[in-house]
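So the sequence lines, in the order shown, correspond to chains E and L.
Under our numbering, the residue at position 130 of the first sequence is numbered 130, and the numbers go up by one with no gaps.
Take the position in the second sequence, starting the count at 1, then add 222; the result is the number in our numbering.
The structure appears below as structure tokens.
2 protein chains.
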Amino acid sequence: MTTDARPSLLLVEDDPVLGPLIAELLEGDYRISLVADGRRGLSSALGQPWDVMVIDRGLPGLDGIALISALRAKGISTPVLILTALGATDEKVRGLDAGANDYMSKPFDAGELGARLRALTRSYTQPTVSIGDWELNAVGRSVRSVYGPLVTLTAKECELLAALATDPDRVFSRDELIGSVFPSTDQPSVIDTYVHHLRRKISRNVIRTVHGVGYQIGDGHE
Amino acid sequence: MTTDARPSLLLVEDDPVLGPLIAELLEGDYRISLVADGRRGLSSALGQPWDVMVIDRGLPGLDGIALISALRAKGISTPVLILTALGATDEKVRGLDAGANDYMSKPFDAGELGARLRALTRSYTQPTVSIGDWELNAVGRSVRSVYGPLVTLTAKECELLAALATDPDRVFSRDELIGSVFPSTDQPSVIDTYVHHLRRKISRNVIRTVHGVGYQIGDGHE
DNA sequence: GGGGCCATTAAGAAACCCTTAAGAACGGGA
DNA sequence: TCCCGTTCTTAAGGGTTTCTTAATGGCCCC
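See below:
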């Protein structure tokens, strides 16, 4: 298989030497995107799902701590390791309190950075549901194909897909799905609309229509 | 029969009013055990098998989410409905992601609770009928041979095949089949048409013609 | 060769689903 | 608070699938 299985890593580091250096160190193990200021970091972090982030404490535009706070406020729970030149304990506490998951002071050991990142990507890997060739991350509201990029879903899209995925091969009636995903309405056609959204975002073959009955998640044997 | 056929239900709810109230509501349909804190909930849940659990989100001792996570980590896959005062969507996602199967916000409607519990205790596995090398899923309107691809059927195709499969080796007359599958018509040739559809979709040998009499599935050995 | 019976194909009608669009509701940022 | 963008919800037309009917051709037995 030709798929790149490396986890994606967003590196936010303004130092023109250190940034590329870290990127080079880690590029064997991660697919790295490097951005050099806080605002771009935020838009990158929000723009697509990441497996892990490494964020510098002192950044132009938007401070690292503020960046992490903003992410967490948005409900992004991607694991973050924060880097800093400051080794003081209260700095560490502040970073972790803001929502960082780990912390390293410069200068740091490359091996230790690698180990800490492995620990982060291991322990914080969010549970996913397999749907044929797709993996649904209900917490991050994202779906990724084995063969393609990550796709972000809206809340309802995600809930609908998750509901169908609770029991592959089972056929769900529209009323059933409305009860669990769209309790605020009783109009079955809303399901059609969202099925359409999901098929457009993901793939036409993920959700099967059972004429006159409802919808079902295929099992990859089609 | 003297056996109590009611499913067993473990209710973990610390509210001194709501707990007994729910227990009373449901005791006609379930054998209920009520415990009032998370740690006891965990030991009860691990101590014996349950058919279904209702767990409060906020619990003393061990939070409801943590309780469910612990259960799932132990490999306990009993269906769980989580109750909460919090209606926020991300709370819902969090609960479901921790391993809950369904979710209700307080205050809740007693009837809806009953319906959701019935849905949880109902078997999700759809019955399949074996027809030679083929397996028919009447709800999903699909048929598959061993290791073969999934073949989708229309409603009438499926009903006809299911009708024949109710009694393999028995020969069904056209009139008989029309009565049970195509009540809206009285034209026997419609059966021929649908037999043809099935043979094309599945296999030429699944349905045997008994000249002058009708149709039959298999003949004992193929 | 004729007659009965079955297999196959086709086509109109009906039921149902897909797609698009637009207004409402929601939430974030200025 | 207001504005703007996203998401949710509703609605409706067009398109597809499915049902039903019917006609033709093949096969076998008489």
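A virtual CB, placed ideally from N, CA and C, is assigned to each residue, including glycine.
Keep in mind that this is a model prediction, so the values were computed, not measured.
Cross-strand partners of residue i (DSSP beta bridge)
i: Gly140 of chain E; result: Answer is none; Gly140 of chain E lacks a bridge partner.
i: Glu13 of chain E; result: Answer is none; Glu13 of chain E lacks a bridge partner.
i: Thr209 of chain E; result: E:Tyr215
i: Thr374 of chain L; result: L:Ser364
i: Ser173 of chain E; result: E:Gly214
i: Ser69 of chain E; result: Per DSSP, none; premise fails for Ser69 of chain E.
i: Asp324 of chain L; result: L:Leu303
i: Ser230 of chain L; result: L:Arg253
Distance CB(residue i)-CB(residue j) smaller than 9 Å
i: Leu375 of chain L; j: Ile413 of chain L; result: no
i: Ser367 of chain L; j: Glu379 of chain L; result: no
i: Met275 of chain L; j: Leu335 of chain L; result: no
i: Tyr103 of chain E; j: Gly111 of chain E; result: no
i: Val12 of chain E; j: Leu46 of chain E; result: no
i: Arg261 of chain L; j: Gly283 of chain L; result: yes
i: Gly436 of chain L; j: Asp391 of chain L; result: no
i: Ala387 of chain L; j: Ser402 of chain L; result: no
i: Ala115 of chain E; j: Ile55 of chain E; result: no
i: Asp233 of chain E; j: Thr78 of chain E; result: The question about residue 233 of chain E has no answer here: the residues shown for chain E are numbered 1 through 222.
i: Val210 of chain E; j: Gly370 of chain L; result: no
i: Ser411 of chain L; j: Arg426 of chain L; result: no
i: Val351 of chain L; j: Ser364 of chain L; result: no
i: Ala258 of chain L; j: Ala288 of chain L; result: no
i: Leu26 of chain E; j: Leu81 of chain E; result: no
i: Leu240 of chain L; j: Lys328 of chain L; result: yes
i: Arg279 of chain L; j: Leu305 of chain L; result: yes
Chain L contact for residue i (CB, 9 Å cutoff)
i: His196 of chain E; result: no
i: Thr84 of chain E; result: no
i: Gly99 of chain E; result: no
i: Met1 of chain E; result: Annotation note: pLDDT 46 at Met1 of chain E (below 50); position unreliable, coordinate value reported separately. No, Met1 of chain E does not count as interfacial toward chain L.
i: Leu46 of chain E; result: no
i: Asp15 of chain E; result: no
Helix, strand or coil at residue i [DSSP, three-state]
i: Ile353 of chain L; result: strand
i: Leu34 of chain E; result: strand
i: Ile298 of chain L; result: coil
i: Asp224 of chain E; result: Past the edges of chain E, shown from 1 to 222, lies residue 224 of chain E, and the structure says nothing about it.
i: Thr84 of chain E; result: strand
i: Asp56 of chain E; result: strand
i: Asp192 of chain E; result: helix
i: Ser203 of chain E; result: coil
i: Ser184 of chain E; result: coil
i: Thr388 of chain L; result: coil
i: Gly61 of chain E; result: coil
i: Pro242 of chain L; result: helix
Short CB-CB distance (under 9 Å) between residue i and chain E
i: Asn359 of chain L; result: yes
i: Asp226 of chain L; result: no
i: Arg363 of chain L; result: yes
i: Gly442 of chain L; result: Low confidence applies to Gly442 of chain L: its pLDDT is 41, below 50, so where it sits in the model is not reliable, and the reading given next is rough at best. No, its Cβ sits nowhere closer than 9 Å to a Cβ of chain E.
i: Asp355 of chain L; result: no
i: Thr311 of chain L; result: Because the pLDDT of Thr311 of chain L is 49, which lies under 50, any placement of that residue in the model is unreliable, and the number read from its coordinates should be weighed accordingly. For Thr311 of chain L, the answer is yes, since a Cβ of chain E falls inside 9 Å of its Cβ.
i: Asp259 of chain L; result: no
i: Asp324 of chain L; result: yes
Heavy atom of the ligand PLP within 8 Å of residue i beta-carbon
i: Arg57 of chain E; result: The ligand PLP is absent from the structure shown, which contains no ligand whatsoever.
Using a Cβ-Cβ cut-off of less than 9 Å, give me the residues of the stretch 49-70 of chain E that come near chain L, in sequence order. none
Residues within the stretch 372-384 of chain L neighbouring chain E, beta-carbon criterion of under 9 Å: Leu372, Thr374, Thr376, Ala377
Between the stretch 164-179 of chain E and chain L, which residues of the former have a C-beta closer than 9 Å to a C-beta of the latter? Thr166, Asp167, Asp169, Arg170, Val171, Glu176, Gly179
For the stretch 199-219 of chain E, which residues have a CB atom closer than 8 Å to at least one CB atom of chain L, in sequence order? Arg208, Val210, His211, Gly212, Val213, Gln216, Gly218, Asp219
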